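Residue numbers (our numbering): 1256 to 1646.
Ideal placement from N, C-alpha and C gives every residue a C-beta, glycine not left out.
Bear in mind the structure is a predicted one, so any value in this text is a computation, not a measurement.
Structure first, commentary second.
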């Protein structure tokens, strides 16, 4: 069967020390006055200095906006404050340097300079109508993939829940992915963000919007991240591991942007919002029960993921292969000290299940891609299954 495929990505530069090209990329966007949005850890690690050196060498006027936040996800007001700073300072190009939260603030603040209202006005798909200032995204983690996606995630403090802005207008103009910048990433960030990247590759592969291009990227990214995350986590200075993790994260981000995540991410939003669990951890505690719930529909694809992870499933039935896949995924997460159950992160209140199930079911943007049509009761069962670890 033939199918039409649309595949969208920013201008991407990948490789060791490629951050040196940021000045040239800003010039190519006709940037005369640039705002660099970053965080305290990026500044203290020395990664920001490399960006500034390139910008200075290009003779570009610049200012630095350091974001400070107290929640695991950025709050909506941060993007609004940054947008005002952009307009007041007459900046014409926005550079984000940091983890996914920093990049999301940079993307959204740019969009708010040409779209009226507040961040929460744009929660959901396709609501940002006008492209903002040109943006250059430079990740320091591997990673959320935010440098190549149309998404920005925020904590809506009014409802204490995470929400996404998902609009083509947010897609960055340039992504510069330099693995060297990830070396200073702490071990807990390396594991959580690395698993997030793994899931950005794996989850679309078992969802409705997968296509031959994203399938190829998914399987390669799953293979690369499975192989190298443990080394990057245990030996942060291993440049080969950092290189491959950044590459895997980049490929996974492209999959995310073009096929989208689904069930695991939808059900993670209520957990992350209510308990302020980091994004990767809110995903790791739900992965196995979620994939178990779609096994009847996507068993063959779960087996393919097991193969990509290096598991031997030759001669096994699909059902047996699925069990191998789920066991391998649980073992992979535990190998980098990630929790695989709600109880492991101190969430024991089972009376909250119905509330989470309703909130999760309402994430229609994501659940519309799920391989299985789920009721609120089905989702409640998944949450109940998430309290206890598989291993």
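What are the residues that DSSP puts in a beta bridge with residue 1268?
Per DSSP, 1431.
Going straight from the alpha carbon of residue 1271 to that of residue 1640, what length do you get?
Cα to Cα, residue 1271 sits roughly 42 Å from residue 1640.
Uninterrupted alpha helix (DSSP H) stretches inside the region 1496–1551 (no shorter than 4 residues)
Here the runs fully enclosed are 1518–1530, 1534–1539, 1542–1548.
Does the count of Cβ pairs from the region 1484–1500 and the region 1402–1415 closer than 8 Å reach three?
As far as the Cβ criterion goes, the region 1484–1500 does not touch the region 1402–1415, which means the pair count is below three.
Note the first and the last residue of the continuous beta strand (DSSP E) segment covering residue 1256.
Bounds of any beta strand (DSSP E) do not take in residue 1256, whose DSSP letter is neither H nor E.
Paired residues, beta bridge with residue 1317 - DSSP:
Bridge pairing for residue 1317: 1289 [DSSP].
Residue environment, residue 1604, which counts as buried when at least 16 other CB atoms sit within 10 Å:
A residue is called buried when at least 16 other Cβ atoms come within 10 angstroms of its Cβ; residue 1604 does not meet this threshold and is exposed.
Once DSSP output is grouped into helix, strand and coil, what is the label at residue 1561?
Reduced to three states, the DSSP call for residue 1561 is helix.
Beta-carbon within less than 8 Å of residue 1515's beta-carbon, same chain only, minus the 5 sequence neighbours each way: which residues are those?
Apart from the 5 residues on each side of it in sequence, residue 1515 sits with its Cβ closer than 8 Å to the Cβ of 1459, 1462, 1464, 1621, 1624 in its chain, given in chain order.
Collapsed DSSP secondary structure at residue 1688 in the structure displayed:
Past the boundaries of the shown model lies residue 1688; the chain is included only from 1256 to 1646, so the question cannot be answered.
From what residue to what residue does the beta strand (DSSP E) around residue 1359 run?
Here residue 1359 belongs to no beta strand (DSSP E); instead the alpha helix (DSSP H) covers 1355–1367.
Give the secondary structure of residue 1445 by DSSP, where H, G and I count as helix, E and B as strand, and everything else as coil.
Note: residue 1445 maps to helix in three-state DSSP.
Leaving out five residues before and five after residue 1405 in sequence, what residues of the same chain have Cβ atoms less than 7 Å from its Cβ?
The beta carbon of residue 1405 lies closer than 7 Å to those of 1421, 1422, 1423, 1425, 1426, 1512 in the same chain, with the five residues before and after it left out.
Could you tell me which residues DSSP pairs with residue 1580 in its beta bridges?
Answer is none; residue 1580 lacks a bridge partner.
Whole angstroms are fine: how far does the CA of residue 1370 sit from the CA of residue 1384?
Looking at the two C-alpha atoms, the distance is approximately 7 Å.
Tell me whether residue 1469 is buried or exposed, calling it buried when 16 or more other Cβ atoms sit within 10 Å of its Cβ.
Around the Cβ of residue 1469, a 10 Å sphere holds 16 or more other Cβ atoms; the residue is buried.
Given a cut-off of 9 Å, decide if residue 1429 and residue 1389 are closer than it, judged by their beta-carbon atoms.
Closer than 9 Å, so yes.
In the DSSP output, which residue or residues are listed as bridge partners for residue 1411?
Listed as beta-bridge partners of residue 1411 by DSSP are 1416.
Distance, residue 1356 Cα to residue 1286 Cα:
In this structure, the CA atom of residue 1286 is about 24 Å from the CA atom of residue 1356.
Start-to-end residues for the alpha helix (DSSP H) that takes in residue 1304
For residue 1304, the enclosing alpha helix (DSSP H) begins and ends at 1302–1312.
Using 10 angstroms around the beta-carbon of residue 1217, count the other beta-carbons present and answer buried if the total reaches 16, otherwise exposed.
In the structure as shown, the chain starts at 1256 and stops at 1646, and residue 1217 therefore has no counterpart that could be examined.
On the criterion of 16 or more Cβ atoms from any shown chain inside 10 Å, does residue 1587 qualify as buried, or is it exposed?
Under this definition residue 1587 is a buried residue.
On the DSSP bridge list, what partners appear for residue 1349?
According to DSSP, residue pairing for residue 1349 in a beta bridge involves 1290, 1390.
Can you name the start and end residues of the alpha helix (DSSP H) that residue 1342 belongs to?
Per DSSP, residue 1342 belongs to the alpha helix (DSSP H) from 1331–1344.
Taking the alpha carbon of residue 1594 as the point to measure from, which residue in 1276, 1450, 1281 has its own alpha carbon closest?
Minimum Cα distance to residue 1594 is reached at 1450.
Nearest neighbour of residue 1636, chosen from 1548, 1313, 1508 [CA to CA]:
If you compare the alpha carbons of 1548, 1313, 1508 with that of residue 1636, the shortest gap goes to 1548.
Okay, do the region 1606–1615 and the region 1628–1635 touch, 3+ Cβ pairs below 8 Å being the bar?
At 8 Å Cβ cutoff, the stretches touch.
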